[in-house]
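Working notes, structure below.
2 protein chains.
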Amino acid sequence: MIYYRIALIGLGLIAGSMGLRIRQDGLANEVVGTARSAATCDIALQRGLCDRITGTAAEAVQDADLVILCVPVGAMATVAEEIGPHLKPGATVTDVGSVKRAVIDAVAPHLPSGVHFIPSHPLAGTEHSGPEAGFPELFEKRWFLLTPVSTDQAAIDRLTTLWQALGSKVEAMDPDHHDLVLAVTSHAPHLIAYTMVGVADDLQRVTDSEVIQYSAAGFRDFTRIAASDPVMWRDVFLNNKKATLEILGRFTEELFALQRAIRTEDGDMLHDYFTRTRAIRRGIVEAGQDTDAPDFGRGAKR
Amino acid sequence: MIYYRIALIGLGLIAGSMGLRIRQDGLANEVVGTARSAATCDIALQRGLCDRITGTAAEAVQDADLVILCVPVGAMATVAEEIGPHLKPGATVTDVGSVKRAVIDAVAPHLPSGVHFIPSHPLAGTEHSGPEAGFPELFEKRWFLLTPVSTDQAAIDRLTTLWQALGSKVEAMDPDHHDLVLAVTSHAPHLIAYTMVGVADDLQRVTDSEVIQYSAAGFRDFTRIAASDPVMWRDVFLNNKKATLEILGRFTEELFALQRAIRTEDGDMLHDYFTRTRAIRRGIVEAGQDTDAPDFGRGAKR
Numbered sequence: 002m003i004y005y006r007i008a009l010i011g012l013g014l015i016a017g018s019m020g021l022r023i024r025q026d027g028l029a030n031e032v033v034g035t036a037r038s039a040a041t042c043d044i045a046l047q048r049g050l051c052d053r054i055t056g057t058a059a060e061a062v063q064d065a066d067l068v069i070l071c072v073p074v075g076a077m078a079t080v081a082e083e084i085g086p087h088l089k090p091g092a093t094v095t096d097v098g099s100v101k102r103a104v105i106d107a108v109a110p111h112l113p114s115g116v117h118f119i120p121s122h123p124l125a126g127t128e129h130s131g132p133e134a135g136f137p138e139l140f141e142k143r144w145f146l147l148t149p150v151s152t153d154q155a156a157i158d159r160l161t162t163l164w165q166a167l168g169s170k171v172e173a174m175d176p177d178h179h180d181l182v183l184a185v186t187s188h189a190p191h192l193i194a195y196t197m198v199g200v201a202d203d204l205q206r207v208t209d210s211e212v213i214q215y216s217a218a219g220f221r222d223f224t225r226i227a228a229s230d231p232v233m234w235r236d237v238f239l240n241n242k243k244a245t246l247e248i249l250g251r252f253t254e255e256l257f258a259l260q261r262a263i264r265t266e267d268g269d270m271l272h273d274y275f276t277r278t279r280a281i282r283r284g285i286v287e288a289g290q291d292t293d294a295p296d297f298g299r300g301a302k303r
Numbered sequence: 002m003i004y005y006r007i008a009l010i011g012l013g014l015i016a017g018s019m020g021l022r023i024r025q026d027g028l029a030n031e032v033v034g035t036a037r038s039a040a041t042c043d044i045a046l047q048r049g050l051c052d053r054i055t056g057t058a059a060e061a062v063q064d065a066d067l068v069i070l071c072v073p074v075g076a077m078a079t080v081a082e083e084i085g086p087h088l089k090p091g092a093t094v095t096d097v098g099s100v101k102r103a104v105i106d107a108v109a110p111h112l113p114s115g116v117h118f119i120p121s122h123p124l125a126g127t128e129h130s131g132p133e134a135g136f137p138e139l140f141e142k143r144w145f146l147l148t149p150v151s152t153d154q155a156a157i158d159r160l161t162t163l164w165q166a167l168g169s170k171v172e173a174m175d176p177d178h179h180d181l182v183l184a185v186t187s188h189a190p191h192l193i194a195y196t197m198v199g200v201a202d203d204l205q206r207v208t209d210s211e212v213i214q215y216s217a218a219g220f221r222d223f224t225r226i227a228a229s230d231p232v233m234w235r236d237v238f239l240n241n242k243k244a245t246l247e248i249l250g251r252f253t254e255e256l257f258a259l260q261r262a263i264r265t266e267d268g269d270m271l272h273d274y275f276t277r278t279r280a281i282r283r284g285i286v287e288a289g290q291d292t293d294a295p296d297f298g299r300g301a302k303r
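What follows is the structure in structure tokens.
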């Protein structure tokens with residue numbers, strides 16, 4: 002047991018996966034959960050994502066020694082304002098938002114002194130969302146990035162122990178650097194995937210059924226990313242505007258250079274570019290961050 | 002047995018997968034193969050991709066009633082010129098190139114009359130390439146698009162029967178329309194993935210090791226696509242220039258609209274866009290063109 006009582010605010014994919022793992026491995030004495038939608042709360046209880054549901058976030062945090070904010074980034078300020086007066090002195094508050102600077106700005110002002118605020122970002126997820134989507138192994142071999150506001154080392158160590166118990170690796174990072182790194186590895190790729198899928202859907206001369214039938218040639222990988230939760234992603238872009246726009250600017254510049262190489266038939270430039278990008282893939286597979294099985298192993302019977 | 006002798010010109014992922022399946026299921030009496038590199042030929046024989054290797058393409062097509070050109074699109078003209086005089090009267094020639102108009106222009110002039118030219122494009126592949134990468138189930142549930150030059154219905158039907166025997170579905174299409182459809186579902190997505198991976202690799206303020214460690218947040222799906230064979234893809238872009246540039250133009254226009262929505266904080270526009278793209282994903286899963294398992298089922302123990 003690492004914490005006595007853990008409160009999950011919001012009960013989607015991430016919170017659900019945490020709740021299942023925490024309860025399965027006895028990492029807390031009690032997991033209390035709350036969510037705005039009654040349907041979500043019902044499913045959460047049925048699936049055993051938590052021991053007990055409360056009607057409000059304020060009730061959920063009563064006597065909790067760890068509070069995990071699992072709501073979309075745009076909802077963090079409201080939730081923090083609600084729970085602030087009800088937090089137990091000495092409690093730790095963390096979150097799982099995909100941007101960190103904006104979450105710190107939204108949440109920190111509402112927390113009383115004596116509460117340890119240690120923002121987190123688990124680099125884990127799937128294209129599925131909601132309380133049905135969670136599973137206890139979601140965080141295995143994935144990273145948790147911490148951007149601690151609190152300087153209490155004991156509180157940081159204790160939270161680190163919990164994330165490690167979920168199967169994760171933990172690294173601390175400056176929040177602005179976090180937001181830039183994630184703009185590259187996640188936010189820009191998501192926007193680009195959404196854009197490409199939108200273009201395909203829009204194109205008058207190619208029907209949607211053609212796009213769907215013939216997607217296996219590469220496009221379907223984009224559609225997986227572009228099937229992610231719309232509210233979460235809207236909030237990510239609105240709250241990591243600067244870094245995302247910077248990376249998209251670099252992307253456009255580079256795309257124009259490659260377009261020009263196609264137009265001028267500069268085969269050497271294209272070949273060199275496509276060779277260089279292979280090395281990054283090898284690094285990711287070697288670092289255990291992806292499988293080397295062809296097509297991610299989907300349906301392969303090799 | 003559908004053909005007596007099949008000649009595979011080029012012995013990479015696609016040819017290797019065909020050879021394994023054709024031999025496994027007895028779809029031809031003999032599979033003859035050839036490739037430029039001696040190392041490729043050795044591996045092909047070891048893995049049983051074909052029954053017999055010849056030193057040249059001209060020898061490989063001797064008495065073959067089906068010749069399958071499995072070389073990069075840019076090498077098609079040279080190979081066609083070499084084999085033209087050696088083709089058996091009444092033989093069928095097909096190819097597996099990812100673009101069709103350029104292949105027709107490159108190959109057709111070199112084929113004698115009495116030979117049936119039926120270009121094909123199997124929408125199947127993985128990020129792995131070479132003679133080690135093939136496996137007999139590669140074409141299961143995937144499409145073969147035909148853009149027949151020959152009007153000989155018996156020859157078209159016979160080739161269709163072979164592709165169906167590999168587990169595929171077959172559809173005929175106009176070559177220019179094919180090139181546009183593939184620009185959307187494959188060529189533009191590949192260029193975009195290559196570009197995004199290149200940007201990540203280039204960015205001074207984020208290290209390669211950060212990109213690699215934290216890739217699970219979406220980026221790693223792009224790196225899979227961007228690990229595809231550089232020669233093949235160089236040739237695709239050089240040979241489907243017009244359609245690819247058209248789609249990239251549309252993509253850039255759309256990306257600018259989304260960038261503006263981020264800049265002006267138009268959350269509704271972003272939310273609507275991200276909701277619309279989910280429907281395409283559902284269509285692809287329902288059409289059996291991808292798995293609904295989270296993260297493509299990679300490593301999931303749910």
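In the order they appear, the protein sequences are chains S and D.
Position 256 (the first sequence) corresponds to 257 in this note's numbering; numbering is contiguous.
Position 65 (the second sequence) corresponds to 66 in this note's numbering; numbering is contiguous.
Positions of the beta carbon are idealized from the N, C-alpha and C atoms, including for glycine.
Keep in mind the model is a prediction, meaning the values are calculated, not measured.
Cα-Cα separation, residue i to residue j
i      : j      : result
D/E82  : D/I3   : 27 Å
S/A92  : S/R261 : 56 Å
D/E266 : S/K243 : 12 Å
S/A314 : S/D106 : Past the edges of chain S, shown from 2 to 303, lies residue 314 of chain S, and the structure says nothing about it.
S/D52  : S/L70  : 17 Å
S/H179 : S/A103 : 11 Å
D/A156 : D/R6   : 15 Å
S/A45  : D/S99  : 47 Å
S/L259 : S/V212 : 24 Å
S/V237 : D/N30  : 59 Å
D/R206 : S/G298 : 33 Å
D/T41  : S/R283 : 22 Å
S/L21  : S/P132 : 11 Å
Residue i - partner residues in DSSP beta bridges
i      : result
S/K170 : S/W144
S/P1   : There is simply no residue 1 of chain S to check, as chain S begins at 2 and stops at 303 in what is shown.
D/R37  : The partner list for D/R37 (beta bridge, DSSP) is empty, contrary to what the question assumes.
S/R53  : S/V33
S/I7   : S/V32 and S/L67
D/F118 : D/V94
Sequence-distant residues of its chain with Cβ nearer than 8 Å to residue i (five each side left out)
i      : result
D/G289 : K142
S/F252 : A189 and I193
D/E247 : L181 and A184
Top-ranked residue by Cα proximity to residue i, from the options
i      : options                           : result
S/P73  : S/A36, S/P190, S/S18 and S/C42    : S/A36
D/F257 : S/A156, S/A103, S/A39 and S/L192  : S/L192
D/V62  : D/H188, D/V94, D/A194 and D/F252  : D/V94
D/G75  : D/V97, D/K170, D/L46 and D/G131   : D/V97
D/A189 : D/A8, D/A227 and D/Y215           : D/A227
S/S130 : S/A16, S/T152 and S/Q205          : S/A16
S/K101 : S/M77, S/G126, S/R277 and S/G115  : S/M77
D/A280 : S/A184, S/E255, S/S210 and S/S18  : S/S210
D/V171 : D/L112, D/A125, D/L204 and D/V33  : D/A125
S/D291 : D/A59, D/T292, D/D296 and D/D291  : D/D296
S/P123 : S/E255, S/S169 and S/Q205         : S/S169
S/F136 : S/R283, S/L167, S/H111 and S/P176 : S/L167
D/D202 : S/D175, S/T186, S/C42 and S/V80   : S/T186
D/D175 : D/E138, D/Q165, D/V212 and D/P120 : D/P120
D/G219 : S/T208, S/Y195, S/L239 and S/N240 : S/Y195
D/D43  : D/P86, D/G11, D/R221 and D/A59    : D/G11
Same chain, Cβ closer than 6 Å to residue i, five either side skipped, listed in chain order
i      : result
D/A173 : L147
S/V286 : D293
S/S229 : E128
D/M233 : P73
S/T162 : I3
S/R303 : Residue placement at S/R303 is flagged as unreliable, the pLDDT there being 41, under the threshold of 50; a coordinate-derived value is accordingly withheld.
S/A8   : V33, A61, V62, A65 and V68
D/N240 : V74, V100 and A103
Contacts around residue i, its chain only, beta-carbon distance under 7 Å, and the 5 residues preceding and following it disregarded
i      : result
S/T224 : V198 and S216
D/A109 : F118 and V150
D/G115 : P90 and G91
S/A301 : Confidence is the limiting factor: at S/A301 the pLDDT is only 48, short of 50, which leaves the residue's position unreliable, though a coordinate-based value still follows. Counting only Cβ-Cβ distances below 7 Å, and skipping sequence neighbours, we find A294 and P295.
### Query
When Cβ atoms are compared, which residues of the stretch 248-259 of chain S fall closer than 9 Å to chain D?
Per Cβ criterion, the list reads I248, L249, G250, R251, F252, T253, E254, E255, L256, F257, A258 and L259.
Between the stretch 66-86 of chain D and chain S, which residues of the former have CB atoms less than 9 Å from a CB of the latter, in chain order?
G75
**Message:** Which residues of the stretch 6-32 of chain S have a Cβ closer than 8 Å to any Cβ of chain D? Give them in chain order.
**Reply:** none
Residues, ordered as in the chain, of the stretch 264-291 of chain S that lie near chain D by beta-carbon distance below 7 Å: R264, E266, G268, L271, H272, Y274, F275, T276, R277, T278, R279, I281, R282, G284, I285, A288, Q290 and D291
*Which of the residues in the stretch 219-237 of chain D, read from start to end, lie with their CB under 7 Å from any CB of chain S?*
G219, F220, R221, D222, F223, T224, R225, I226, A227, A228, P231, V232, W234 and R235
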